[in-house]
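Residue numbers (the numbering used here): 1034 to 1116. In this text, a Cβ means the ideal position worked out from N, Cα and C, and glycines have one as well. Remember, it's a predicted structure, so these values are computed and weren't measured experimentally. Accompanying notes for the structure given below.
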């Protein structure tokens, strides 16, 4: 479970397969409808493709957003894949 910073969501649980294809994403907290939509849209996508599309998105005056924090969670997943 990734703990995002600077956003409303309190946790991001993301899994990917051995080919770095996202299998599922769950956000805890945050804007439920929007985050549920993002979760559905990224399922089946390659990690690097999602990072390239979503990194740097900001939420209002914040320096980050839930999609941007998802990218951080995906980077962390790539550094420490399932054993």
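Item                                                                                                           : Value
Enclosing alpha helix (DSSP H) for residue 1049 [first to last residue]                                        : Here residue 1049 belongs to no alpha helix (DSSP H); instead the beta strand (DSSP E) covers 1044-1049.
Exposure label - residue 1058; buried when at least 16 CB within 10 Å                                          : buried
Sub-7 Å separation of residue 1060 and residue 1045 beta-carbons                                               : yes
Residue from 1100, 1042, 1036 with nearest C-alpha to residue 1074                                             : 1100
Start-end ranges of the beta strand (DSSP E) lying completely within the stretch 1044-1113, minimum 3 residues : 1044-1049, 1055-1061
Burial state of residue 1102, where buried means 16 or more other Cβ atoms lie within 10 Å                     : buried
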